[in-house]
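Contents: one structure, followed by commentary.
Protein chains: 2
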Amino acid sequence: MFLQNPSKQAAVTTADKVFEQLQHAIVEGDMAAGSKISEPELAKRYEISRSTLREALNRLEKCHLIERKANVGSRVVDCTIEGLLELYITREALEGMACRQAAINMTDEEIAYMQNMLAKHAGDKALQDGVSYYQEEGDVDFHYKVILGSHNQQLINLICDQLYHLVRMYRCQFGMHSPRATRAFTEHSNIIQAICDRDGELAELLMRRHIAASRKNIENKIALQKAAQKSEEH
Amino acid sequence: MFLQNPSKQAAVTTADKVFEQLQHAIVEGDMAAGSKISEPELAKRYEISRSTLREALNRLEKCHLIERKANVGSRVVDCTIEGLLELYITREALEGMACRQAAINMTDEEIAYMQNMLAKHAGDKALQDGVSYYQEEGDVDFHYKVILGSHNQQLINLICDQLYHLVRMYRCQFGMHSPRATRAFTEHSNIIQAICDRDGELAELLMRRHIAASRKNIENKIALQKAAQKSEEH
DNA sequence: TAAAATATAATTGTCGACAATTTATCTTGA
DNA sequence: TCAAGATAAATTGTCGACAATTATATTTTA
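Taken in sequence, the protein lines are chains A and B.
Here our numbering is used: the first residue of the first sequence is 2, the next is one more, and so on.
Here our numbering is used: the first residue of the second sequence is 2, the next is one more, and so on.
Dropping the structure here:
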């Protein structure tokens, strides 16, 4: 199959499995953002030793889902507006470049595969209904595959193996399924077209605008919220 | 003092200290790139238990200096041309954006500090002699401080705490102190000027060109090498 | 009463040993 | 002689216990 992540290998060790479980728990908010992590408690809950738990915690730290301080302990990272905006800025830089590289390095087969995927999404009932499926699963999937298309292992590692868990966490915790679905679909189509035309410069530009649009969408919401708050005070 | 990395805290635990020692050993090539790491052997050499060694190894993995495979072990990452070029691409994306953010977020004091730093470098005897000091220490320092100037913790973490160890490794192993010193100084000056003018777009453009120039420099060298090799075969 | 100092409890860091898996060596058979 | 399989050695993963540090509760003192 095309555009699979080669660096992602099946979880064989128990530390791996616990890592995946904890990852889901954090992303979906079952472990509250910002909350303290008790090693003895978690180890008991998952019925493993503290050593293997710490191994799992190290992996969580690698993808920025927890933070550790020496002799003090770990906390689940917290979800702040500032953090979300910083994440968007970072994505704009990395995914923009990944998209440019994809226009250079993707094979014709991979491009055809992407076009097929989009066509399937276009016919998807969920999209026509404006339901959240496309926005949630499909969007992540689209971005994920473009990044893999860069054929740049460094970029793939940084984004797919590290940042994207945080991205999903913010999506879950902030309940982001805005009504940008159909618009996002159009933007995705244009991006693939630029890649198909092997126009790296345009591909990067479109991807950056696409991500920046989401960021500005959030910024506007925040601004409105603040304005409403202020008028309430008076 | 201005533009210090807040996330970098002193090494308190022994795992921290061993991590720093191993980091230096890898960056400077005392531990050969691509070589296998024997946990029992290293633990004995540093006179620590395997547990704390593994803690140190986890940190090395976080900054991409070693790679681990389950049930097999760790290897020092190897330095390949492809890896170096991928690193440049990634830096172009991240540092370009960091530079744009720096133009937005740096304080006037921080900008003045950078200008002072450059002025000091300008008067530096080493630079006038075209010696490597500026290229090695000064260049890393300049880029480092611009990134800190972005005031974006996500970018700072990714670049300063992760990528830059790899950057230094490649510099050491490939012995990179090309005669771009005076030219690099001019480019740095222009970047600071754009930041001073609060021109984020130009700042990003200049930083990307600055990094791309280094990459193309390498690519040219490689091309020449390959050509020479080919003519030798005939 | 409030603040500082002390004592206690809990948590994290480190250690050595055992289990599971992989790698190397040796044996066997065609 | 070479390949395949079995055996032995070495390496990594996991465990429970102890040491060092931090957080909490208690006592003391102004």
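Positions of the beta carbon are idealized from the N, C-alpha and C atoms, including for glycine.
Please read all numbers here as calculations on a predicted model, not as lab measurements.
Query                                                                                                                                                                                    : Result
Can you look up LYS69 (chain A) in the DSSP assignment and give me helix, strand or coil?                                                                                                : Looking at the sequence provided, one finds Arg at residue 69 (chain A) rather than Lys. Strand at ARG69 (chain A).
Determine the direct distance from the alpha carbon of PHE3 (chain B) to that of ILE105 (chain B), and round the result to whole angstroms.                                              : 17 Å
If you reduce the DSSP assignment to three classes, tell me which class ARG199 (chain B) lands in.                                                                                       : coil
Within 7 Å of any Cβ in chain A, is that where the Cβ of ASN59 (chain B) sits?                                                                                                           : yes
Candidates B:LYS222, B:PHE143 and B:ALA26: which alpha carbon is nearest THR187 (chain B)'s?                                                                                             : B:PHE143
Could you tell me the distance, in whole angstroms, from the CA atom of LEU167 (chain B) to the CA atom of GLY35 (chain B)?                                                              : 13 Å
Take THR81 (chain A) as the anchor and find which of B:ASN191, B:ILE219 and B:GLN154 has the nearest alpha-carbon.                                                                       : B:GLN154
Assign ALA16 (chain B) to buried or exposed, taking buried as 16 or more other Cβ atoms, counted over all protein chains shown, within 10 Å of its Cβ.                                   : buried
I need the straight-line Cα distance from ASP31 (chain A) to GLN174 (chain A), nearest angstrom please.                                                                                  : 10 Å
Of all the options B:VAL147, B:ILE160, B:ALA94 and B:ALA195, which has the alpha carbon lying nearest to the alpha carbon of LEU206 (chain A)?                                           : B:ALA94
Evaluate the contact criterion for the stretch 112 to 123 of chain A versus the stretch 212 to 220 of chain A: three or more CB pairs, one atom per stretch, below 8 Å.                  : no
Looking at chain B, is there any beta carbon in it that lies within less than 7 Å of the beta carbon of ASN153 (chain A)?                                                                : yes
Take every Cβ of the stretch 158 to 167 of chain B, pair it with every Cβ of the stretch 222 to 233 of chain B, and state whether three or more of those distances are shorter than 8 Å. : no
My output table needs one value for LYS37 (chain B): the three-state DSSP class, helix, strand or coil.                                                                                  : strand
Please name the residues in the stretch 60 to 84 of chain B whose beta-carbon is closer than 9 Å to at least one beta-carbon of chain A, in chain order.                                 : ARG60, GLU62, LYS63, HIS65, LYS70, ALA71, ASN72, GLU83 and GLY84
Whole-angstrom Cβ separation of MET98 (chain A) and LEU156 (chain A), contact assumed at under 8 Å?                                                                                      : 7 Å
Measuring only between beta-carbons, confirm whether ALA94 (chain B) sits less than 7 Å from chain A.                                                                                    : yes
Flag this pair as yes or no: are the beta carbons of ARG55 (chain B) and GLU68 (chain B) separated by less than 7 Å?                                                                     : no
If you compare alpha carbons, which of B:GLN22, B:LEU159 and B:CYS100 is closest to HIS189 (chain B)?                                                                                    : B:CYS100
So for GLY30 (chain B), helix, strand or coil by DSSP?                                                                                                                                   : coil
Relative to the C-alpha of GLY150 (chain B), which residue among B:ARG184, B:MET170, B:ILE193 and B:THR14 is closest?                                                                    : B:ILE193
For a contact meaning CB atoms closer than 8 Å, what does SER52 (chain B) contact in chain A?                                                                                            : SER52
Excluding the 5 residues preceding and the 5 following ILE160 (chain B) in the sequence, name in chain order all residues of the same chain whose CB lies nearer than 8 Å to its CB.     : ARG92, LEU95, GLU96, ALA99 and ILE148
In its own chain, which residues sit with a C-beta less than 6 Å from the C-beta of MET170 (chain A), not counting the 5 before and 5 after it?                                          : VAL28
Measure the alpha-carbon distance for GLU40 (chain B) versus ALA224 (chain B) and round it to whole angstroms.                                                                           : 39 Å
Under a Cβ-count criterion, where at least 16 other Cβ atoms within 10 Å of its own Cβ denotes burial, should GLN24 (chain B) be classed as buried or exposed?                           : buried
Residues of chain A with a CB under 8 Å from the CB of VAL168 (chain B): which are they?                                                                                                 : In chain order: nothing, as chain A lies at least about 11 Å away.
Got a sec: is the Cβ-Cβ distance from ILE192 (chain A) to anything in chain B below 7 Å?                                                                                                 : no
Does chain A have any CB closer than 7 Å to the CB of THR108 (chain B)?                                                                                                                  : no
Which residues in chain B sit within 7 Å of GLN102 (chain A), going by Cβ to Cβ distance?                                                                                                : ILE90
If you drop the 5 nearest sequence neighbours on each side, which residues of the same chain put their C-beta closer than 6 Å to that of TYR47 (chain B)?                                : VAL19
Taking just the CA atoms, how far does HIS65 (chain A) sit from ASN59 (chain B)?                                                                                                         : 14 Å
If you count every other CB in all the chains shown that lies within 10 Å of the CB of GLY176 (chain A), and 16 or more means buried, which is it?                                       : exposed
With a cut-off of 7 Å, does the C-beta of THR183 (chain A) fall near any C-beta of chain B?                                                                                              : no
Does the beta-carbon of ASP140 (chain A) have 16 or more other beta-carbons within 10 angstroms, so that it is buried, or is it exposed?                                                 : buried
On a Cα-Cα basis, can you pick out the residue from A:HIS211, A:LYS227, A:ALA228 and A:GLN226 that is closest to TYR89 (chain A)?                                                        : A:HIS211
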